[in-house]
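Enquirer:
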Amino acid sequence: MNAKIKSDEIVLSVKNLTKNFDKLEVLKGIDIDVKKGEVVAVIGPSGCGKSTFLRCLNCMEDPTGGVIMFQGENLVDRKVDINVHRQKIGMVFQQFNLFNNLTIIKNITLAPNVVALGNLRKAKCKNFFIKFANLFRKKDAKKPLIEIKQTKKEIKKANEEKAYALLKRIGLEEKANAYPSTLSGGQKQRIAIIRALAMDPIVMLFDEPTSALDPEMVGEVLDLMKQLAIDGMTMVIVTHEMGFAREVADRVVFIDEGRIKEESAPAEFFSNPKNDRLKDFLSKVL
Amino acid sequence: MIDWAKLWNSFTFQFIDKGGYKEVLRGLGATVQIAVFGLIIGIIVGMFIAIIKVMPKYNFFAKILDKFAVVYVAIFRGTPMVVQLLVGHYFLRPLIGWTCDPLIEAIVIFGLNSGAYVSEIMRGGIQSIDVGQLEAGRAVGLTFWTAMFRIVIPQAIKNIIPTLGNEFITLVKETSVASFVTVLDLYRAFEQIGYASYSFLIPYLVLALIYIVLIVIITIGVKLIERRLKKNERKN
Amino acid sequence: MKKFLTAILAAVLCVCGCFGLTACSDTPTVKIGAQTGTTGYMFASYLKGTEAKAYQSPTLAVTDMQNGVIDYVVTDKAVAQNLVDKIEGIKMIDVALTGEEFFGMAVDSTQTELLAQVNAFFVEKAAEINAIQTKYLTGDEANYVAVPKNVEVTGATETLKIATNAEYAPFEFKQGEDFYGIDMEVAKLLAEYLGMNLEIVDMAFSAVVTSVGTDGIDMAIAALTITNDREENINFTDAYYTNSQVIVCLEENEALDDAGVLMDILAVLCANG
Chain A
14 MNAKIKSDEI
24 VLSVKNLTKN
34 FDKLEVLKGI
44 DIDVKKGEVV
54 AVIGPSGCGK
64 STFLRCLNCM
74 EDPTGGVIMF
84 QGENLVDRKV
94 DINVHRQKIG
104 MVFQQFNLFN
114 NLTIIKNITL
124 APNVVALGNL
134 RKAKCKNFFI
144 KFANLFRKKD
154 AKKPLIEIKQ
164 TKKEIKKANE
174 EKAYALLKRI
184 GLEEKANAYP
194 STLSGGQKQR
204 IAIIRALAMD
214 PIVMLFDEPT
224 SALDPEMVGE
234 VLDLMKQLAI
244 DGMTMVIVTH
254 EMGFAREVAD
264 RVVFIDEGRI
274 KEESAPAEFF
284 SNPKNDRLKD
294 FLSKVL
Chain B
424 MIDWAKLWNS
434 FTFQFIDKGG
444 YKEVLRGLGA
454 TVQIAVFGLI
464 IGIIVGMFIA
474 IIKVMPKYNF
484 FAKILDKFAV
494 VYVAIFRGTP
504 MVVQLLVGHY
514 FLRPLIGWTC
524 DPLIEAIVIF
534 GLNSGAYVSE
544 IMRGGIQSID
554 VGQLEAGRAV
564 GLTFWTAMFR
574 IVIPQAIKNI
584 IPTLGNEFIT
594 LVKETSVASF
604 VTVLDLYRAF
614 EQIGYASYSF
624 LIPYLVLALI
634 YIVLIVIITI
644 GVKLIERRLK
654 KNERKN
Chain C
1263 MKKFLTAILA
1273 AVLCVCGCFG
1283 LTACSDTPTV
1293 KIGAQTGTTG
1303 YMFASYLKGT
1313 EAKAYQSPTL
1323 AVTDMQNGVI
1333 DYVVTDKAVA
1343 QNLVDKIEGI
1353 KMIDVALTGE
1363 EFFGMAVDST
1373 QTELLAQVNA
1383 FFVEKAAEIN
1393 AIQTKYLTGD
1403 EANYVAVPKN
1413 VEVTGATETL
1423 KIATNAEYAP
1433 FEFKQGEDFY
1443 GIDMEVAKLL
1453 AEYLGMNLEI
1463 VDMAFSAVVT
1473 SVGTDGIDMA
1483 IAALTITNDR
1493 EENINFTDAY
1503 YTNSQVIVCL
1513 EENEALDDAG
1523 VLMDILAVLC
1533 ANG
């Protein structure tokens, strides 16, 4: 996609990422910088480590070594609070993973509510201590209280309205009170995507989002992803859908045996592959 | 030869005329209280122990909690109920200066015991839930414990209701040893009637019958709960 | 491998079978039952050539005797008399097995004042106490007074908490919710004398003596025989009843019918020793 405005700001920077499962070295050193608004497609044969790579980006798998810079912090460092960063990294799974015990609307609003209400509680606590300490301070030395913009009810209402707006966008608002078990695969995946969107992520990771779908539903999911790309979302997509990659991605990456073997714009990638294994892979897949 | 008429008469005399039924009702109340509150405590304790055993052990504190959980389960599954009650009554009580009613003591010990068994049930339940549920919860920014309590545990509990029902039934039957620590439970009430009527034949038969009726009622109750939960899932 | 295992299993079963047979073909010893922790049980366990079996109460021992598990039961005389009156098919051999034994009430060793008061009570209320004893020993059921678990005495501020084992008619027994018996009615009298409320805690006999001094229990009133080893943990009041141990057996058992003194009984019981 070339129509959107691109920036050179790097949102996700990966240097020398390695991952071992006991003795098995799956990732042997990955370097990649993802720019804001960029759509990166990751392809490769099974077992090459592409899913592992994606899952390392938000530390669903703990990287063995390397650096992942996101929002100014190194996510590989154990001392960094990964939950805070995961709120801004959306993930869409191959198996959808909608919360089976909650209605659709609750699926979407759960995380925004938990996070916002948690912050509200922390702010109220801090204010309590500030008020207490202010009793002992002189008039001009008193610290200001943290501004509380919304009450609990308002937060919940705002999040619910946002969820309905998202559902409306994909035309599934009548399913708001249904349970995931009653929906089709395509519907579930589209809802999974907007569930991730509800947190206003900076970057979204897609782990083979259409691989578990029946063919007739793949299209509706890909359309939604295309729309997200047009709207300027930064995306890293592990996929087998070569047509989609060619059409939507800004950059295509080939991972084989735990390393990036080739990386270029889609036009060049698909029509003029340089790596032998890539040529071999493309000939089998296309 | 067993003179049934005479035995029945002396039983009813003690049971009805002398007010033995009042003690039986009291004993039944104690038995039910121990079983119900014991199960509630057991579920709460079991839930925490199960999560501790399942959670990723990233820091030192988590590792200590895990060892504690293992020891706890080993103690309560490795000793008979009677022994736990006796140790609680004769050792713990004077040690911590506990002066409550023996019924409370029984409820606590039965609760802790049940917690050990429920933790294994709960652990199985949690592990039977697709790991993707927890992953999706964590991927969207929830902490491990929040994701557990909001997403995994509710689904796990639905799956383990039949097994929890079995645990409840076991608990009801086990309460019959509460009399070792002077709690007046159902068994003790009938034992007293046996003493008063100088024959234990009929009292113990009636006791067995009452237990059977209790268990049947519980079994039906559990089936009803199961059915209602399944109905909710299919709601559109 | 399978054949080897089968052979081992068969050998083990044979050995077990042999053990079982030899156990059954032992010359049967005389089995005597008594309440655990009582002087009667101690008597039974010292007899040569007999096997002593412990029971939670004499009533259970008698039930087992009726079912053929044991041959004799040793218990206090008044208790034996009551059992013989209430249960068919058994009889008491009226020969004292032990010298005179005395019942006392156990008092928490820290409460010396209470001890003095109870002893004074025995003296002052001797007549009433005797009347109660006679009432129960003669089986005057119409005049039995029910003693509930908690007795309120007018104007009382404190509670006298006593432990007992209410499975021991005529001294203490329970019907419905209330307690009856010599010890129970005397306890009520004692509480009224002291101006205190009364609370009765019923427990297993083996727990009675050790419970004094714990959980607020002031005394144990449970037909306790005054013995030296019990006195190590509690203080006994003066004696309030004289007792001896006797034997109870089935009606059709004529082995002891001619016994007049202890020696005759020992001759019969210890014949196999």
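Chains A, B and C supply the protein sequences, listed in that same order.
Offset between the first sequence (1-based) and the working numbering: plus 13.
Offset between the second sequence (1-based) and the working numbering: plus 423.
Offset between the third sequence (1-based) and the working numbering: plus 1262.
All C-beta atoms, glycine included, are put in the ideal place defined by N, C-alpha and C.
(1) If you draw a straight line from the C-alpha of A473(B) to the C-alpha of R546(B), how long is it?
(2) Near I641(B), what residues of its chain come up, given a Cβ to Cβ distance below 8 Å and the 5 sequence neighbours on each side ignored?
(3) Between L1377(C) and the rest of its own chain, which residues show a CB-CB distance below 8 Å, the 5 nearest in sequence each way excluded?
(4) Taking Cβ-Cβ distances shorter than 7 Å, what residues in chain A pair up with G644(B)?
(5) T1337(C): which of V1470(C), M1327(C), Y1303(C) and E1313(C) sits nearest, CA to CA?
(6) Report yes or no: do the segment 594 to 613 of chain B and the segment 558 to 568 of chain B share at least 3 C-beta pairs separated by less than 8 Å?
(7) Is T1476(C) close to the ligand GDP? I mean its beta-carbon at under 8 Å from any heavy atom of the ligand.
(8) Got a sec: is the Cβ-Cβ distance from S622(B) to anything in chain C below 9 Å?
(9) Considering only residues of the same chain and omitting the five flanking positions on each side of F533(B), which have a CB-CB separation below 6 Å?
(10) By the DSSP assignment, the alpha helix (DSSP H) with V506(B) in it spans what residues?
(11) Going by Cα to Cα distance, which pick from D1520(C), K1339(C) and V1510(C) is closest to Q1247(C)?
(12) From the DSSP output, in three-state form, read off N110(A) for me.
(13) Taking the alpha-carbon positions, what's the Y1430(C) to S622(B) distance?
(14) Round the Cβ separation of L1518(C) and I1355(C) to the nearest angstrom and send it over; I've been treating them as touching at under 8 Å.
(15) Within 9 Å (strictly less), CB to CB, does N113(A) reach chain B?
(16) For a contact meaning CB atoms closer than 7 Å, what does T522(B) contact in chain C?
(17) In chain A, what lies closer than 7 Å to E649(B) by C-beta?
(18) From what residue to what residue does the beta strand (DSSP E) around Y1442(C) run?
(19) Going by DSSP, what residues sit across from T586(B) in a beta bridge?
(20) Can you pull the chain C neighbours of Q437(B), defined as C-beta to C-beta under 9 Å?
(21) So within the segment 1333 to 1394 of chain C, which uninterrupted alpha helix (DSSP H) runs reach at least 4 residues, ignoring any that extend past its ends?
(22) Just to confirm the assignment, what range does the alpha helix (DSSP H) spanning C69(A) have?
(23) Grouping DSSP H, G and I as helix and E and B as strand, with all else coil, what is G1535(C)?
(24) Return the residue from the list Y1503(C), G1311(C), D1526(C) and D1440(C) that minimises the CA-CA distance to I1394(C).
(25) For C69(A), count neighbouring C-beta atoms within 10 Å of its own C-beta (all shown protein chains included) and say buried if the count is 16 or more, exposed if not.
(26) Can you tell me whether DSSP reads I552(B) as helix, strand or coil?
(27) Look at the Cβ atom of V261(A), then the Cβ atom of V55(A), and state whether they are nearer than 9 Å.
(28) Given 8 Å as the limit, is there contact between the segment 1466 to 1476 of chain C and the segment 1438 to 1451 of chain C, that is, 3 or more CB pairs closer than that?
(29) Identify, in the order they occur along the chain, each residue of the same chain with its Cβ nearer than 6 Å to the Cβ of A16(A), setting aside the five sequence neighbours on each side.
(30) So, does the CB of S1371(C) fall closer than 9 Å to a CB anywhere in chain B?
(31) In terms of residue numbering, what span does the alpha helix (DSSP H) encompassing L185(A) cover?
(32) Going by beta carbon distance, what residues of the same chain come within less than 6 Å of F109(A), once the five residues before and after it are set aside?
(33) Give the straight-line distance between the Cα atoms of K287(A) and T122(A), rounded to the nearest whole angstrom.
(34) Shorter than 9 Å from the beta carbon of M101(A) to some beta carbon of chain B?
(35) Spatial neighbours of I583(B) within its chain, please: CB distance less than 8 Å, with the 5 preceding and 5 following residues excluded, ordered by chain position.
(36) Residues of chain A with a CB under 9 Å from the CB of V477(B): which are they?
Expert: Taking the coordinates as given:
(1) Walking along the second sequence from the start, residue 473(B) turns up at place 50. Walking along the second sequence from the start, residue 546(B) turns up at place 123. About 5 Å.
(2) Along the second sequence, one-based indexing puts residue 641(B) at 218. Only G588, F591, I592 and V595 meet the Cβ criterion.
(3) Stepping through the third sequence from its first residue, residue 1377(C) is reached at position 115. Excluding positions up to five away in sequence, the list reads V1369, N1497 and T1499.
(4) The residue labelled residue 644(B) in the question sits at position 221 within the second sequence. By Cβ distance, chain A contributes nothing, its closest Cβ being about 22 Å from G644(B), past 7 Å.
(5) The sequence position of residue 1337(C) within the third sequence is 75, counting from 1. Considering only alpha carbons, the answer is Y1303(C).
(6) no
(7) Annotation note on the ligand GDP: not contained in the displayed structure, which lists no ligands.
(8) On the second sequence, residue 622(B) is found 199 positions in, with the first residue counted as 1. Cβ-Cβ to chain C under 9 Å: yes for S622(B).
(9) In the second sequence, counting from the first residue as 1, residue 533(B) sits at position 110. If we look at F533(B) and ignore the five residues flanking it on each side, its Cβ neighbours are I457 and G461.
(10) Translated into the one-based positions of the second sequence, residue 506(B) becomes position 83. Element bounds for V506(B): M504 to V510.
(11) Nothing in the structure corresponds to residue 1247(C), since chain C is present only between 1263 and 1535.
(12) The residue labelled residue 110(A) in the question sits at position 97 within the first sequence. Coil at N110(A), not helix or strand.
(13) Translated into positions along the third sequence, residue 1430(C) becomes position 168. Translated into positions along the second sequence, residue 622(B) becomes position 199. Approximately 14 Å, taken between the alpha carbons.
(14) Locating residue 1518(C) in the third sequence gives position 256, counting from the first residue. Locating residue 1355(C) in the third sequence gives position 93, counting from the first residue. About 5 Å separates the two Cβ atoms, so the contact holds.
(15) Here residue 113(A) corresponds to residue number 100 of the first sequence, with the count starting at 1. Judged by the 9 Å Cβ criterion, N113(A) is in contact with chain B.
(16) Locating residue 522(B) in the second sequence gives position 99, counting from the first residue. Per Cβ cutoff of 7 Å: D1477.
(17) Here residue 649(B) refers to the residue found at position 226 of the second sequence. Residues of chain A passing the Cβ test: none, with the nearest at roughly 16 Å.
(18) Residue 1442(C) sits at position 180 when you count from the first residue of the third sequence. Unbroken beta strand (DSSP E) run through Y1442(C): D1440 to Y1442.
(19) By 1-based counting over the second sequence, the position of residue 586(B) is 163. Note: T586(B) sits in no beta bridge, so no partner.
(20) Taking the first residue of the second sequence as 1, we reach residue 437(B) at position 14. Result: Q1437 and G1438.
(21) 1339 to 1348 and 1374 to 1386
(22) Against the first sequence, residue 69(A) aligns to sequence position 56. Start and end: K63 to L70.
(23) In the third sequence, the residue the question calls residue 1535(C) occupies position 273. Its pLDDT being 49, under 50, G1535(C) is placed unreliably by the model, and the measurement read from it follows with that caveat. Note: G1535(C) maps to coil in three-state DSSP.
(24) Mapped onto the third sequence, residue 1394(C) falls at position 132. Checked all of Y1503(C), G1311(C), D1526(C) and D1440(C); the closest Cα to I1394(C) is Y1503(C).
(25) Residue numbering aside, residue 69(A) sits at position 56 when the first sequence is read from its first letter. Buried, by the Cβ-count rule.
(26) In the second sequence, the residue the question calls residue 552(B) occupies position 129. I552(B): coil per DSSP, three-state reduction.
(27) As a working mapping, residue 261(A) is identified with position 248 in the first sequence. As a working mapping, residue 55(A) is identified with position 42 in the first sequence. It is not a contact, given that the beta carbons lie outside the stated cut-off.
(28) no
(29) Taking the first sequence and counting its residues from 1, one reaches residue 16(A) at position 3. Per-residue confidence for A16(A) stands at a pLDDT of 49, beneath the threshold of 50, marking its modelled position as unreliable; the derived number appears in the next sentence. Cβ neighbours of A16(A) beyond the five flanking positions: none.
(30) If you number the third sequence from 1, residue 1371(C) lands on position 109. False, the Cβ-Cβ gap to chain B never drops below 9 Å.
(31) If you number the first sequence from 1, residue 185(A) lands on position 172. L185(A) -> no alpha helix (DSSP H), and no H or E assigned at all.
(32) Along the first sequence, read from residue 1 onward, the residue named residue 109(A) stands at position 96. The residues are K201, Q202 and A205.
(33) Walking along the first sequence from the start, residue 287(A) turns up at place 274. Walking along the first sequence from the start, residue 122(A) turns up at place 109. Spanning the two alpha carbons is a distance of roughly 46 Å.
(34) Working through the first sequence from its first residue, we reach residue 101(A) at position 88. Here residue 101(A) is Lys; the residue named in the question, Met, does not match the sequence. Yes, its Cβ sits closer than 9 Å to a Cβ of chain B.
(35) Your numbering for residue 583(B) matches position 160 in the second sequence. Only I544, M545, G547 and G548 meet the Cβ criterion.
(36) For the purposes of this step, residue 477(B) is identified with residue 54 of the second sequence, where counting begins at 1. Chain A residues near V477(B): none, gap ~17 Å exceeds 9 Å.
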